[in-house]
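There are 2 protein chains.
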Amino acid sequence: MDHLHNWLALASVGLRGQRYRKLSEQMSLAELVSLPASTLQQIGLTQRQAHGLSYEAQVWVEQALAWQAEATDHHLICFDHQYYPPLLKETRQPPLVLFIKGDPTLLALPQIAMVGSRLPTPTGRKVARQLAAELTQNGMIVTSGMAQGIDSECHLGALHAGGKTLAVLGHGLRQIYPTSNKRLAADIAQTGALISEYFPDVRARAEYFPQRNRIVVGLSIGTLVVEATIKSGSLISANLAAEYNREVFAVPGSFYNTQASGCHHLIQQGAKLVTGIADILEERALFADNGMKGNNEINLTLDLCTQQLLDNVEDIPISVDVLAERVGMTVTDVSIILLELELLGKIAVVPGGYIKVGST
Amino acid sequence: MDHLHNWLALASVGLRGQRYRKLSEQMSLAELVSLPASTLQQIGLTQRQAHGLSYEAQVWVEQALAWQAEATDHHLICFDHQYYPPLLKETRQPPLVLFIKGDPTLLALPQIAMVGSRLPTPTGRKVARQLAAELTQNGMIVTSGMAQGIDSECHLGALHAGGKTLAVLGHGLRQIYPTSNKRLAADIAQTGALISEYFPDVRARAEYFPQRNRIVVGLSIGTLVVEATIKSGSLISANLAAEYNREVFAVPGSFYNTQASGCHHLIQQGAKLVTGIADILEERALFADNGMKGNNEINLTLDLCTQQLLDNVEDIPISVDVLAERVGMTVTDVSIILLELELLGKIAVVPGGYIKVGST
Chain A
1 MDHLHNWLAL
11 ASVGLRGQRY
21 RKLSEQMSLA
31 ELVSLPASTL
41 QQIGLTQRQA
51 HGLSYEAQVW
61 VEQALAWQAE
71 ATDHHLICFD
81 HQYYPPLLKE
91 TRQPPLVLFI
101 KGDPTLLALP
111 QIAMVGSRLP
121 TPTGRKVARQ
131 LAAELTQNGM
141 IVTSGMAQGI
151 DSECHLGALH
161 AGGKTLAVLG
171 HGLRQIYPTS
181 NKRLAADIAQ
191 TGALISEYFP
201 DVRARAEYFP
211 QRNRIVVGLS
221 IGTLVVEATI
231 KSGSLISANL
241 AAEYNREVFA
251 VPGSFYNTQA
261 SGCHHLIQQG
271 AKLVTGIADI
281 LEERALFADN
291 GMKGNNEINL
301 TLDLCTQQLL
311 DNVEDIPISV
321 DVLAERVGMT
331 VTDVSIILLE
341 LELLGKIAVV
351 PGGYIKVGST
Chain B
1 MDHLHNWLAL
11 ASVGLRGQRY
21 RKLSEQMSLA
31 ELVSLPASTL
41 QQIGLTQRQA
51 HGLSYEAQVW
61 VEQALAWQAE
71 ATDHHLICFD
81 HQYYPPLLKE
91 TRQPPLVLFI
101 KGDPTLLALP
111 QIAMVGSRLP
121 TPTGRKVARQ
131 LAAELTQNGM
141 IVTSGMAQGI
151 DSECHLGALH
161 AGGKTLAVLG
171 HGLRQIYPTS
181 NKRLAADIAQ
191 TGALISEYFP
201 DVRARAEYFP
211 QRNRIVVGLS
221 IGTLVVEATI
231 KSGSLISANL
241 AAEYNREVFA
251 VPGSFYNTQA
261 SGCHHLIQQG
271 AKLVTGIADI
281 LEERALFADN
291 GMKGNNEINL
301 TLDLCTQQLL
311 DNVEDIPISV
321 DVLAERVGMT
331 VTDVSIILLE
341 LELLGKIAVV
351 PGGYIKVGST
């Protein structure tokens with residue numbers, strides 16, 4: 001197999017950057033991929049991963065290459081590619097391959113992640129569009145998740161301002177979710193890019209959206225939360241940004257606006273209150289000066305039954321839905337904990353769900 | 001003259017706590033007041049103050065005593081009185097006498113200063129009433145300035161919740177300003193108290209309102225700004241609170257609400273964002289534990305022509321209006337700088353306006 005094949009094969013069994021780096025200390029990429037299944041298990045891969053890499057990866061690789069050949073704007077960006085975004089590489093579990101539809105050179109430009117509620121207030125929508133447009137006009141790339149609500153408004157604001165925008169998706173690039181965003185996706189790909197770590201035919205799943213968020217945040221010098229409730233995915237995104245030592249920005253809202261409660265919570269924990277884009281551009285200047293920022297003290301405590309969940313993840317892939325039912329939690333809550341566990345290197349995503357991984 | 005006479009005499013020439021403390025290191029109160037005018041000047045009083053203390057104070061003293069005799073709820077609380085509020089005494093320029101109409105025992109209870117715009121939004125009014133009511137129901141005394149807008153809403157909220165509230169006024173207690181608040185003033189005095197450092201017949205002047213604010217803030221363990229624009233007296237109050245090492249609280253508002261801009265500015269500078277009274281009651285607990293708080297990093301920079309103003313204040317009292325015209329600034333801006341200068345001990349308020357004082 002050639003270089004790209006090897007990266008795709010590793011990605012297909014749920015290996016990510018942190019794991020790969022450890023393995024690469026012992027051998028080259030080509031050596032790793034050509035090891036027999038028994039040896040792969042000895043160096044720490046699960047039975048499932050070892051088997052997948054030895055016997056199933058080729059199907060995934062071919063799917064990916066077929067997708068790449070479909071159009072000139074389809075790109076596969078591997079972990080060591082010159083276009084692989086350096087900020088994403090610094091995060092805990094960067095994907096080994098990024099599937100890109102659009103302009104891959106944008107990935108390395110300074111981005112601001114904009115996230116927020118799928119059910120924002122009219123004011124929240126207006127703020128999202130305005131800030132996205134102004135950031136775009138000031139040379140920032142707006143990166144979001146193309147969900148309904150704030151995400152979509154941010155992409156639209158950037159596009160209407162004549163700018164390029166990046167959308168990270170929680171499914172393969174042959175899928176588009178929500179379907180109401182097909183037109184938006186086409187517009188984004190025209191000048192900006194759609195990004196996914198999932199192989200092209202992978203369908204959206206609830207647990208992929210928190211995963212997608214870690215990429216949105218990982219690509220960006222800071223994360224701006226426009227409107228969000230306390231228990232929302234946006235706060236998880238903010239938490240990840242803080243973990244990555246990136247700035248967290250939040251837009252304040254009325255005392256009585258429950259959609260602002262998450263933003264207010266973040267500000268109380270140290271996020272920067274945003275009254276206009278100057279507050280954000282300032283950070284870009286600092287970032288350019290200093291590279292990574294110093295400590296960021298935000299740290300949301302997810303008071304959830306992490307150990308109980310972990311105990312239910314084994315070597316046979318388990319889906320979020322089954323897990324949620326088994327532990328009596330919502331799919332959203334379970335997804336959030338799974339993301340945390342994955343970033344801690346305790347579990348991995350593979351086709352069919354989550355598996356436990358060793359501590360090596 | 002007896003003890004009370006002496007305090008009133010000193011207050012009548014614009015002496016305040018910081019100045020008095022220095023002089024009291026050299027002599028007793030009675031000795032100080034009985035010094036001849038020439039000696040008073042030698043120990044650092046201005047010609048005007050020395051003359052006033054020697055020849056004019058008696059008129060003021062009699063006015064004050066007559067007012068006190070008018071009603072059983074009229075009280076004169078001197079600097080060394082058991083009811084003199086300890087937190088106010090810790091500030092830079094505490095009044096030597098407080099004129100109280102109402103219950104003077106409330107002065108020493110834990111208070112929260114609530115301040116804000118005279119032209120708030122309907123939401124701002126609602127928040128002010130609600131927070132004042134809830135604070136009252138949780139054992140806090142709400143202290144404000146009885147101005148129109150937020151101030152009045154705070155007093156009303158406290159009263160409607162069945163609580164006692166303190167109003168600090170920028171004029172003597174025979175006056176009521178604004179006149180539309182006569183009913184409110186009577187209600188406040190019924191269960192709470194009206195407070196002033198001005199002699200009973202002194203009329204409201206623009207420059208007295210920032211002065212009044214320093215007492216509102218000085219009485220309180222923290223200052224809560226409900227709604228305020230960037231260039232408002234409320235931000236000066238917040239600045240004073242920070243100078244006194246008291247907590248500053250601010251209520252967030254919509255991104256598009258200009259009446260929230262001052263609050264957002266304060267939060268960016270370190271004020272605590274308030275989403276409910278729990279954020280404030282927490283501070284009361286800390287205050288009870290530790291007495292004064294540690295450093296508070298808020299420090300508004302008043303980019304105004306301080307030296308130019310100071311150069312125009314001399315030994316003959318000059319009014320704010322004349323000063324404002326002379327330096328080409330608004331009365332509000334001039335009043336703010338004068339307060340700063342006064343708190344620095346560089347000028348003093350006397351009947352007729354401001355005078356320069358020596359550095360001793």
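Sequences listed follow chains A and B, in order. Each residue of the first sequence is one higher than the one before, counting from 1 in full-length UniProt numbering. Each residue of the second sequence is one higher than the one before, counting from 1 in full-length UniProt numbering. For every residue, glycine included, the Cβ atom is placed at its ideal position computed from N, Cα and C.
Which residues bound the alpha helix (DSSP H) around residue i?
i: residue 155/A; result: 150 to 160
i: residue 335/B; result: 331 to 343
i: residue 188/B; result: 182 to 191
i: residue 261/A; result: 261 to 268
i: residue 237/A; result: 233 to 243
i: residue 123/B; result: 122 to 137
i: residue 215/A; result: 208 to 218
i: residue 320/A; result: 320 to 327
i: residue 312/A; result: 306 to 312
Under a Cβ-count criterion, where at least 16 other Cβ atoms within 10 Å of its own Cβ denotes burial, should residue i be classed as buried or exposed?
i: residue 162/A; result: exposed
i: residue 344/B; result: exposed
i: residue 8/A; result: buried
i: residue 234/B; result: buried
i: residue 180/A; result: exposed
i: residue 158/A; result: buried
i: residue 200/B; result: buried
i: residue 72/B; result: exposed
i: residue 19/B; result: buried
i: residue 439/A; result: Nothing can be reported for residue 439/A, as the shown portion of chain A is limited to 1 through 360.
i: residue 151/B; result: buried
i: residue 171/B; result: buried
i: residue 136/A; result: buried
i: residue 232/A; result: buried
i: residue 246/B; result: buried
i: residue 265/B; result: buried
i: residue 218/A; result: buried
i: residue 11/A; result: buried
i: residue 352/A; result: exposed
Run through chain B and tell me which residues come within less than 7 angstroms of residue i, C-beta to C-beta.
i: residue 267/A; result: 267 and 273
Please check the pair residue i and residue j, which I expect to be a contact at CB under 8 angstroms, by giving their CB distance rounded to whole angstroms.
i: residue 275/A; j: residue 117/B; result: In fact, because the Cβ distance is near 17 angstroms, the residues do not count as touching under 8 angstroms.
i: residue 106/B; j: residue 166/B; result: 6 angstroms
i: residue 197/B; j: residue 98/B; result: 6 angstroms
i: residue 340/A; j: residue 306/A; result: 7 angstroms
i: residue 145/B; j: residue 239/B; result: Actually they are not in contact, since the Cβ atoms of residue 145/B and residue 239/B sit about 16 angstroms apart, beyond 8 angstroms.
i: residue 241/B; j: residue 248/B; result: 5 angstroms
i: residue 17/A; j: residue 119/A; result: The pair is not a contact, with the Cβ atoms about 34 angstroms apart (cut-off 8 angstroms).
i: residue 350/A; j: residue 14/A; result: 4 angstroms
i: residue 317/A; j: residue 354/A; result: 6 angstroms
i: residue 43/B; j: residue 77/B; result: 26 angstroms between Cβ atoms; not a contact.
List, in chain order, every chain B residue whose beta-carbon is nearer than 8 angstroms to that of residue i.
i: residue 99/A; result: By Cβ distance, chain B contributes nothing, its closest Cβ being about 35 angstroms from residue 99/A, past 8 angstroms.
i: residue 172/A; result: Here the premise fails: no neighbours, minimum Cβ distance about 36 angstroms.
If you follow the beta strand (DSSP E) that residue i is part of, which residue opens it and which one closes it?
i: residue 166/B; result: 165 to 168
i: residue 224/A; result: 222 to 225
i: residue 354/A; result: 353 to 356
i: residue 249/A; result: 247 to 250
i: residue 348/B; result: 347 to 350
i: residue 143/A; result: 141 to 144
Within 6 angstroms: the Cβ of residue i and any heavy atom of the ligand NAD?
i: residue 69/A; result: Of the ligands one can find in the structure shown there are none, so the ligand NAD has no counterpart to examine.
Taking residue i as the query, report the chain A residues whose CB atoms sit under 9 angstroms from its CB, ordered along the chain.
i: residue 264/B; result: 252, 273, 274 and 275
i: residue 331/B; result: Here the premise fails: no neighbours, minimum Cβ distance about 28 angstroms.
Under 9 angstroms Cβ-Cβ, which residues of chain B neighbour residue i?
i: residue 123/A; result: 254, 255 and 256
What residues of chain A sit near residue i, judged by a beta carbon separation below 7 angstroms?
i: residue 38/B; result: Ordered by position in chain A, no residue passes the 7 angstroms Cβ test against residue 38/B, which lies about 57 angstroms from the chain.
i: residue 54/B; result: The premise fails here: residue 54/B is roughly 54 angstroms from chain A at the closest Cβ pair, so nothing lies under 7 angstroms.
i: residue 334/B; result: What residue 334/B touches in chain A: nothing, since even the nearest Cβ is about 28 angstroms away.
In chain A, what lies closer than 8 angstroms to residue i by C-beta?
i: residue 261/B; result: 275
i: residue 127/B; result: 255 and 256
Whole alpha helix (DSSP H) elements within the segment 79 to 115 of chain B, 4-residue minimum: 86 to 89
Just to confirm the assignment: which complete alpha helix (DSSP H) runs, minimum length 4, are found wholly within the segment 13 to 84 of chain B? 17 to 24, 29 to 33, 37 to 42, 47 to 51 and 57 to 70
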